[in-house]
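Protein chains in written order, with my numbering: chain A, 1 to 113; chain B, 114 to 223.
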């Protein structure tokens with residue numbers, strides 16, 4: 001089954017404790033992206049990757065890191081999480097090109113206390 | 114900002130009625146996409162309309178695009194309780210990047 005998986009689905013952590021949210025897709029997509037969703041703000045792009053070893057900042061990259069060492073994986077790293085990073089996070093993937101739909105993972109609900 | 118703005122923010126209708134949601138944007142686009150999100154879950158792609166298209170259908174969905182008014186509408190006909198979800202428009206440019214609106218919350222009462 002074609003899908004995007006994220007782990008963990010739920011995470012409660014404390015300020016400053018490094019964490020990684022994994023994202024994996026099995027559709028051989030070149031493009032992958034991370035979003036955060038907050039009430040009243042819609043989805044905002046954090047980072048994206050056009051292919052292996054090619055990553056770039058989205059609209060809200062501060063406090064986040066990513067890597068793309070393999071085509072299927074695109075982990076999101078929070079080196080020192082803060083309470084304002086409490087949010088619902090989504091990973092998405094697509095074939096490269098403007099008119100391709102994006103496939104979304106199920107989401108990771110992160111709470112930073 | 115290129116962000117799409119949906120209208121209304123929330124909509125409540127009875128099963129069997131039609132639901133119409135609108136999306137306005139501020140800049141030129143390559144395409145406009147609509148996604149559905151069931152509560153707290155991942156977004157699911159519904160339909161994509163290119164900037165040179167005016168109308169597109171998919172099952173009970175009808176999307177229109179008016180580039181002169183920078184607006185799009187999503188019509189769901191004969192709605193069902195299972196259509197209850199949030200609906201987002203997403204503005205597509207020359208690359209894969211999408212700018213999402215804040216969504217319309219649709220409640221279909223059985």
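Where is the CB? At the ideal position from N, CA and C, for every residue including glycine.
Source: prediction; values computed, not measured.
Open item on the list: Do residue 137 of chain B and residue 192 of chain B have their beta-carbon atoms positioned less than 7 angstroms apart in this structure?
Closed with: No, these two residues do not count as a Cβ contact at 7 angstroms.
Task: Through-space distance from residue 21 of chain A to residue 88 of chain A, alpha-carbon basis - done: Cα to Cα, residue 88 of chain A sits roughly 12 angstroms from residue 21 of chain A.
Open item on the list: Quick check: is the beta carbon of residue 155 of chain B nearer than 7 angstroms to any beta carbon in chain A?
Closed with: Taking CB atoms only, residue 155 of chain B has a neighbour in chain A less than 7 angstroms away.
Task: Spatial distance of residue 50 of chain A from residue 67 of chain A (CA atoms) - done: Rounded to the nearest angstrom, the two C-alpha atoms are 12 angstroms apart.
- [ ] Determine, using beta carbons only, whether residue 160 of chain B and residue 178 of chain B come nearer to each other than 7 angstroms.
- [x] Annotated as distal: residue 160 of chain B and residue 178 of chain B, with beta-carbon spacing of 7 angstroms or more.
Task: Cβ separation of residue 222 of chain B and residue 125 of chain B, assumed to be a contact under 8 angstroms, to the nearest whole Å - done: Rounded, the Cβ-Cβ distance is 7 angstroms, consistent with contact.
- [ ] Identify the contact partners of residue 169 of chain B in chain A, using a Cβ-Cβ distance below 9 angstroms as the criterion.
- [x] Residues of chain A whose Cβ lies closer than 9 angstroms to the Cβ of residue 169 of chain B do not exist, since the nearest Cβ in that chain is about 12 angstroms away.
Task: Close-in-space but distant-in-sequence residues of the same chain around residue 14 of chain A (CB under 6 angstroms, 5 per side omitted) - done: Closer than 6 angstroms at the Cβ level, and outside the excluded window around residue 14 of chain A, lie 113.
- [ ] Could you spell out where the beta strand (DSSP E) holding residue 60 of chain A opens and where it closes?
- [x] Taken as a continuous stretch (DSSP letters only), residue 60 of chain A belongs to no beta strand (DSSP E), as it is neither H nor E.
Open item on the list: With H, G and I counted as helix, E and B as strand and the rest as coil, what does DSSP make of residue 73 of chain A?
Closed with: Strand.
Task: Proximal residues, the stretch 175–202 of chain B versus chain A, C-beta separation under 9 angstroms - done: Shown in chain order are the members of the stretch 175–202 of chain B whose Cβ falls below 9 angstroms from a Cβ of chain A: 201.
Open item on the list: Rounded to the nearest angstrom, what separates residue 80 of chain A and residue 190 of chain B at their Cα positions?
Closed with: Their Cα atoms are separated by approximately 47 angstroms.
Task: Secondary structure of residue 194 of chain B, DSSP reduced to three states - done: DSSP places residue 194 of chain B in the helix class (H, G or I) of the three-state scheme.
Open item on the list: Against chain A, does residue 129 of chain B count as a neighbour if the rule is that its beta carbon must be under 7 angstroms from one of theirs?
Closed with: Taking 7 angstroms as the threshold, the shortest C-beta distance from residue 129 of chain B to chain A does not fall below it.
Task: 7 angstroms Cβ cut-off: residues of chain B touching residue 75 of chain A - done: The contacting residues do not exist; residue 75 of chain A stays about 17 angstroms from chain B at best.
Task: Beta carbon proximity, residue 89 of chain A to chain B, threshold 7 angstroms - done: No, residue 89 of chain A does not count as interfacial toward chain B.
Task: Residue span of the beta strand (DSSP E) that contains residue 50 of chain A, given as start and end - done: For residue 50 of chain A, the enclosing beta strand (DSSP E) begins and ends at 42–51.
Open item on the list: Is residue 11 of chain A close to chain B? Criterion is C-beta to C-beta, closer than 7 angstroms.
Closed with: No, residue 11 of chain A does not count as interfacial toward chain B.
TODO: Could you list which residues in chain A have their beta carbon closer than 9 angstroms to that of residue 172 of chain B, in chain order?
DONE: The CB of residue 172 of chain B never comes closer than 9 angstroms to any CB in chain A; the least such distance is about 16 angstroms.
Task: Beta-carbon contacts of residue 86 of chain A that lie in its chain and below 8 angstroms, excluding the five residues immediately before and after - done: Hits under 8 angstroms: 110, 111, 112.
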